[in-house]
Amino acid sequence: MAERYLKSEKIKYLFWGVITTLVYFLVRFLTMALLNQAMLPVLIAQVVTVLFAFVVNKFFVFADNQSRHVVVQLIRFSVGRLFVAGIDFLLTYIMIERYSDLFIRLLRLNTINFQTFPLGLSWLWLHRWVYDSISFNAVIAVFVIQVIAIVVNYFISKFMIFD
1 MAERYLKSEK IKYLFWGVIT TLVYFLVRFL TMALLNQAML PVLIAQVVTV
51 LFAFVVNKFF VFADNQSRHV VVQLIRFSVG RLFVAGIDFL LTYIMIERYS
101 DLFIRLLRLN TINFQTFPLG LSWLWLHRWV YDSISFNAVI AVFVIQVIAI
151 VVNYFISKFM IFD
């Protein structure tokens, strides 16, 4: 039973998703170092990552579902990723840019003492990103958005691209 679970489509999708994220970081940081700028490496990393994610999804995650031509699948995959990027931008705008005060109050983040957060271990690396209620809200929002993106990407890939 454990072997069947490890070979399941969802586990393969999750595994390759982690690898895709590592590819993104590697390409982005490498191109940042080589080009000595910030914006072009984002574009390069996005293109490389979408192509990498397409290949691993096509051949390793959804390998049994090869009913469409590869160019059609690539176009649909890219459009799906653009759609999810739109969700990312929209939720980022709502949760961080426009209504962060609302989320901070709802989550009671304004009651946390960030001098001793978390648990008095302010010297941890976490304190570099979480140093006040605004930054903590942003971190929470990014994690929530990424979970939504993973789920939406899975369903788009499963039912609209590699069906």
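Numbering (UniProt numbering), first residue to last: 1 to 163. Think of the CB as a built atom: it goes at the ideal place given N, C-alpha and C, for glycine as much as any other residue. All figures in this text were calculated on a predicted structure; none of them were measured in a lab.
Backbone secondary structure at residue i - three-state DSSP
i           : result
residue 108 : coil
residue 25  : helix
residue 135 : helix
residue 63  : coil
residue 13  : helix
residue 152 : helix
residue 8   : coil
residue 31  : helix
residue 101 : helix
residue 146 : helix
residue 130 : coil
Nonlocal neighbours in the same chain, by C-beta distance under 8 Å from residue i, ignoring five residues either side
i           : result
residue 50  : 77, 78, 81
residue 148 : 87, 91
Residue span of the alpha helix (DSSP H) that contains residue i, given as start and end
i          : result
residue 46 : 39 to 56
residue 79 : 70 to 92
Own chain partners of residue i with C-beta closer than 6 Å, once the 5 adjacent residues on each side are dropped
i           : result
residue 221 : Residue 221 cannot be examined here, being either before or after the span of the chain that is shown, 1 to 163.
residue 48  : 27
residue 104 : 110, 133, 137
Below-7 Å beta-carbon distance, residue i vs any chain B residue
i           : result
residue 140 : In summary, chain B is missing from the structure at hand, where a single protein chain is found.
### Query
Any chance the segment 33 to 40 sits against the segment 50 to 63, with 3 or more Cβ pairs inside 8 Å?
no
#### Entry: Contact between the segment 151 to 158 and the segment 95 to 103 (3+ Cβ pairs under 8 Å)
no
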